[in-house]
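Under full-length UniProt numbering, the first residue of the sequence shown carries the number 1, and numbering increases by one thereafter.
Notes follow once the structure below has been shown.
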Amino acid sequence: FSFQPLSAAAQSPKYLKVYVVLDKALYNYMGSDSNAATQKIIQIFNLVNNMFNPLNVTIVLSSLELWTEENKISTAGEADDLLQRFLQWKQSYLALPSYDIAYLLAYGDQAAFVGATAPGKACRRDAAGAVAVYQGAATLESFAVLLAQLLGRSLGISYDDSPDCRCPGRVCLMSPEAMRFSGAKAFSSCSARDFETFLKHDGGTCLFDRPRLTGLSYRRAAVCGNGIVERGEQCDCGAAEACLKDKCCTETCRFKPGVKCSSGLCCNECQFKQKHSQCRPAADAQCDLAEFCSGSSASCPPDLYVQDGHGCEHGTGYCYKGRCQSPDLQCRRLYGRGSKNAPVACYEELNSQRDRFGHCGFQPRQGYKSCAWRNLRCGKLICTYPYSTPFPSDAAAVLYVQVREHLCVSLDY
Numbered sequence: 001f002s003f004q005p006l007s008a009a010a011q012s013p014k015y016l017k018v019y020v021v022l023d024k025a026l027y028n029y030m031g032s033d034s035n036a037a038t039q040k041i042i043q044i045f046n047l048v049n050n051m052f053n054p055l056n057v058t059i060v061l062s063s064l065e066l067w068t069e070e071n072k073i074s075t076a077g078e079a080d081d082l083l084q085r086f087l088q089w090k091q092s093y094l095a096l097p098s099y100d101i102a103y104l105l106a107y108g109d110q111a112a113f114v115g116a117t118a119p120g121k122a123c124r125r126d127a128a129g130a131v132a133v134y135q136g137a138a139t140l141e142s143f144a145v146l147l148a149q150l151l152g153r154s155l156g157i158s159y160d161d162s163p164d165c166r167c168p169g170r171v172c173l174m175s176p177e178a179m180r181f182s183g184a185k186a187f188s189s190c191s192a193r194d195f196e197t198f199l200k201h202d203g204g205t206c207l208f209d210r211p212r213l214t215g216l217s218y219r220r221a222a223v224c225g226n227g228i229v230e231r232g233e234q235c236d237c238g239a240a241e242a243c244l245k246d247k248c249c250t251e252t253c254r255f256k257p258g259v260k261c262s263s264g265l266c267c268n269e270c271q272f273k274q275k276h277s278q279c280r281p282a283a284d285a286q287c288d289l290a291e292f293c294s295g296s297s298a299s300c301p302p303d304l305y306v307q308d309g310h311g312c313e314h315g316t317g318y319c320y321k322g323r324c325q326s327p328d329l330q331c332r333r334l335y336g337r338g339s340k341n342a343p344v345a346c347y348e349e350l351n352s353q354r355d356r357f358g359h360c361g362f363q364p365r366q367g368y369k370s371c372a373w374r375n376l377r378c379g380k381l382i383c384t385y386p387y388s389t390p391f392p393s394d395a396a397a398v399l400y401v402q403v404r405e406h407l408c409v410s411l412d413y
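Right under this line is the structure:
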């Protein structure tokens, strides 16, 4: 069994940089020793990476903070309350630009929950966080499964709830029972589709910033056989049984005779693709550029795009990081072809309200911010809704407001 990612974004290498905090109780449970705790966390993240490999995502442990003396926030209470406290602490004390999402790993022998996160918010700095509880009966393997599930939820992947979700193992990774079963876990076909949708809707913009692996990362040294190509390796086919089926790579992480590559967007059947073969189509017809293979490398050239600020969509928007950021386009993507950016009267009505349907940002201590008149269009996107039937949405609340002759609509995810 295998699933083939369809989009160029899904095939491209992606990186999620994680800032990890260990609470005092888990630090004590791991031996009250910094080196021992660090090694265990690295081991857990190696297991997590093996699960994310098929999605072309590397989980990078960018920083590790150990609360060796006392917790900096209370870890008592319900899961959502603890997550909100951690997000508030993170906003105030973690100003580092070197991570995408922060994780609080806590210990609770009798905890009523195992974790909490904000689904689909891995690249939203204000909401990119999670709490995971290491319970007394857990193993490093089962805790790695929990972390992989929470990371998957942050990346827009739902729990498997359909018999049509297929994976190579007995139990798929996003199955609610996955933590109770030992052995290798893999994302299902449903998970792959969810992740493609997440990328398609620009939820994963931070994943394409390749980190410089200096200082602490999720690994300390190359390990042949973990399925990750690391320094000093030509390839890595994973476990011995996987290497038996691999056409390009040996179990010693070297190429087989005559082989030039084993992976990469410009690699096909262990050989470089021909020069000028397209390896990454333009993700946006107006603001992105296609890339082509050189004929001498397995890697696709860096993703290039039209200069930020260049006009697009008939002058209604601007290019930014390879995408046309036009309100009209965004409204059509959300609601359909007949929708467009709402007139300023709709923005004045909604974005001055300071609630979840209309605001200019959120601060943990102050709540929703109202928009000054000159910044009304900088807040929540407001669109016109030209249809007579309600907008179908299971994932968001929908607000309709009649302003003069326009029916305006806003979503709260």
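Don't be surprised by glycine CBs; every beta carbon is placed ideally from N, CA and C.
Buried or exposed by the 16-neighbour rule on C-beta atoms within 10 Å, applied to residue i
{"i": "G315", "result": "exposed"}
{"i": "Q149", "result": "buried"}
{"i": "Y400", "result": "exposed"}
{"i": "G232", "result": "exposed"}
{"i": "R219", "result": "Legend: pLDDT at R219 = 42, less than 50; position of this residue unreliable, value from coordinates given subsequently. R219 comes out buried."}
{"i": "G295", "result": "exposed"}
{"i": "F272", "result": "buried"}
{"i": "residue 448", "result": "Because the chain here runs from 1 to 413, residue 448 falls outside it and cannot be looked at."}
{"i": "T139", "result": "exposed"}
{"i": "E349", "result": "buried"}
{"i": "T384", "result": "buried"}
{"i": "D308", "result": "exposed"}
{"i": "E291", "result": "buried"}
{"i": "D160", "result": "buried"}
{"i": "Y387", "result": "exposed"}
{"i": "L105", "result": "buried"}
Euclidean distance between Cα positions of residue i and residue j
{"i": "M174", "j": "F187", "result": "7 Å"}
{"i": "G136", "j": "I73", "result": "21 Å"}
{"i": "N46", "j": "L55", "result": "15 Å"}
{"i": "D355", "j": "Y368", "result": "6 Å"}
{"i": "V60", "j": "T389", "result": "45 Å"}
{"i": "K409", "j": "P343", "result": "At residue 409 the sequence reads Val, which differs from the Lys that was named. When rounded, the distance between both Cα atoms is 12 Å."}
{"i": "P176", "j": "K275", "result": "46 Å"}
{"i": "A339", "j": "C206", "result": "Checking the sequence, you will find Ser at residue 339 rather than Ala. So the alpha carbons of these two residues sit roughly 28 Å apart."}
{"i": "E313", "j": "A285", "result": "10 Å"}
{"i": "K321", "j": "F208", "result": "11 Å"}
{"i": "Q363", "j": "D246", "result": "51 Å"}
{"i": "P301", "j": "A282", "result": "13 Å"}
{"i": "Y335", "j": "F391", "result": "7 Å"}
{"i": "R365", "j": "E78", "result": "19 Å"}
{"i": "Q39", "j": "P163", "result": "38 Å"}
{"i": "K14", "j": "G203", "result": "13 Å"}
{"i": "A128", "j": "G258", "result": "45 Å"}
{"i": "N35", "j": "R170", "result": "35 Å"}
{"i": "C270", "j": "F52", "result": "23 Å"}
{"i": "D126", "j": "A116", "result": "15 Å"}
{"i": "A122", "j": "S154", "result": "5 Å"}
{"i": "C235", "j": "C165", "result": "30 Å"}
{"i": "residue 421", "j": "L407", "result": "Missing from the structure shown is residue 421; the chain here goes from 1 to 413 and no further."}
Contact belief for residue i with residue j at Cβ below 8 Å, rounded distance in angstroms
{"i": "T27", "j": "T68", "result": "Checking the sequence shown, residue 27 turns out to be Tyr, not Thr. Rounded, the Cβ-Cβ distance is 6 Å, consistent with contact."}
{"i": "L289", "j": "V306", "result": "7 Å"}
{"i": "F357", "j": "D394", "result": "Incorrect: roughly 18 Å between the Cβ atoms, too far for contact."}
{"i": "Y103", "j": "A130", "result": "5 Å"}
Beta bridge counterpart(s) of residue i as assigned by DSSP
{"i": "F255", "result": "C249"}
{"i": "C408", "result": "T384 and V401"}
{"i": "R280", "result": "E291"}
{"i": "L16", "result": "I59"}
{"i": "E65", "result": "V21"}
{"i": "C312", "result": "G317"}
{"i": "residue 414", "result": "Residue coverage of the chain in this structure runs from 1 to 413, which leaves residue 414 outside it and unanswerable."}
{"i": "R323", "result": "Y320"}
{"i": "N341", "result": "C383"}
{"i": "D355", "result": "G358"}
{"i": "F272", "result": "C267"}
{"i": "Y368", "result": "F362"}
Same chain, Cβ closer than 8 Å to residue i, five either side skipped, listed in chain order
{"i": "I157", "result": "M174, F187, S191, D194, F195 and F198"}
{"i": "C378", "result": "C360 and C371"}
{"i": "E65", "result": "Y19, V20, V21 and L22"}
{"i": "Y99", "result": "K17, V18, Y19, S62 and S63"}
{"i": "N375", "result": "C360"}
6 Å CB neighbourhood of residue i in its chain, flanking five on each side removed
{"i": "Y29", "result": "Y107"}
{"i": "R323", "result": "D284 and C287"}
{"i": "S277", "result": "C293"}
{"i": "G215", "result": "Only weak support is given to the placement of G215: the predicted model assigns it a pLDDT of 46, under 50, and the value that follows is read from those uncertain coordinates. Closer than 6 Å at the Cβ level, and outside the excluded window around G215, lies no residue."}
{"i": "G317", "result": "C324, Q325 and S326"}
{"i": "G238", "result": "G227"}
{"i": "C267", "result": "C261 and A298"}
Residues of its chain near residue i, where Cβ-Cβ distance is below 7 Å and the 5 sequence neighbours each way are ignored
{"i": "L94", "result": "Y19 and A102"}
{"i": "K90", "result": "A102 and G129"}
{"i": "G311", "result": "Y318"}
{"i": "S142", "result": "M179"}
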